[in-house]
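Asker:
Numbering (the working numbering), first residue to last: 86 to 363.
(1) To which residues of the same chain is residue 222 closer than 7 angstroms at the C-beta, ignoring the five residues directly before and after it?
(2) How would you label residue 96, buried or exposed, when you count the other beta carbons within 10 angstroms and need 16 or more for buried?
(3) Among 250, 216 and 117, which one has its Cα closest to the Cα of residue 196?
(4) When DSSP labels each residue in this structure, what does residue 249 get in the three-state scheme?
(5) Do you know whose CA, among 90, 187 and 319, lies nearest residue 137's CA?
(6) Can you check DSSP and say which residues form a bridge with residue 270?
(7) Quick check on this structure: which residue in 269, 192, 247 and 253 has the alpha carbon closest to the alpha carbon of residue 235?
(8) By how many angstroms is the C-alpha of residue 89 removed from the C-alpha of residue 396?
(9) Name, in chain order, the residues that DSSP records as bridge partners for residue 173.
(10) Less than 8 angstroms between the beta carbons of residue 270 and residue 214, yes or no?
(11) Return the chain-ordered ranges of every alpha helix (DSSP H) run that is complete within the region 271-297 and spans a minimum of 4 residues.
(12) Within the same chain, show all residues whose beta-carbon is closer than 8 angstroms to that of residue 262, passing over the 5 residues directly before and after it, in chain order.
(13) Does the pairing of the region 94-110 with the region 306-313 give three or more beta-carbon distances under 8 angstroms?
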């Protein structure tokens, strides 16, 4: 489909089931690498990036099983990383989805090595992943760029005090996952505070991680020897929910957003109420 043709003029009415949040689903899928036990992930949105991530994990040796579909296409997957045999995220997949970098922290923490392609190849100068690299180096990892790949090694990561130069969501998530299996306490200052970061922290906690401060600019992780499996449901997509609200307001309609959480949309709802939302 090359274009959408929309004929307006009618109020939008009805009920919508809000999809699971892609930006929460992708790091949670990567968290399956942190344990040899199964991780069941519910409320996954039926999106290309989710399929790409499962292809990446399957290529590494993770067993991915579709248990069911729930809601309007929301999937339930069971991921088991007990037989991972290829610690590489190849360029062919990374170039289509930058979130592939999120396998770096879990692979390095559990297996002691990782080979992850840079999304833009071997660019010189400041890279978007520099915060990931510096954080992992602070935890004792050796990280080098070789022929467009990040080559990372560590016998076991060590707890560290990390202050990122900029707020980075994927950087915070990568370092938080890596810190779960590190030896000692890790403090991440200038951490991203997005609800998706909090959702990942909740999933990791369900797997046995010791995390405090998620949702603030300082996250503290006390490393453990191993994580267990868990059964976790991905948070609803606040961006999708907000988009529907704007469309309904623009047409003077009324909508029931099933599954949306007001706590995730406080700032958006505040502005929409100022504009007349009831």
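C-beta: ideal position from N, C-alpha, C; glycine also.
Answerer: According to the structure shown:
(1) 228
(2) Exposed, because fewer than 16 other Cβ atoms sit within 10 Å of the Cβ of residue 96.
(3) Distances from the CA of residue 196 to each of 250, 216 and 117 were compared; the closest alpha carbon is that of 117.
(4) coil
(5) Of the candidates 90, 187 and 319, the residue whose Cα lies closest to the Cα of residue 137 is 187.
(6) 307
(7) It is 192 whose Cα lies nearest to the Cα of residue 235.
(8) No answer is possible for residue 396: it lies beyond the span of the chain, which begins at 86 and ends at 363.
(9) 200
(10) Going by C-beta atoms, residue 270 is not nearer than 8 angstroms to residue 214.
(11) List check, alpha helix (DSSP H) in window: 280-291.
(12) 112, 115, 116, 119, 187, 190, 191, 194, 285 and 289
(13) With the cut-off at 8 angstroms, the region 94-110 and the region 306-313 do not touch.
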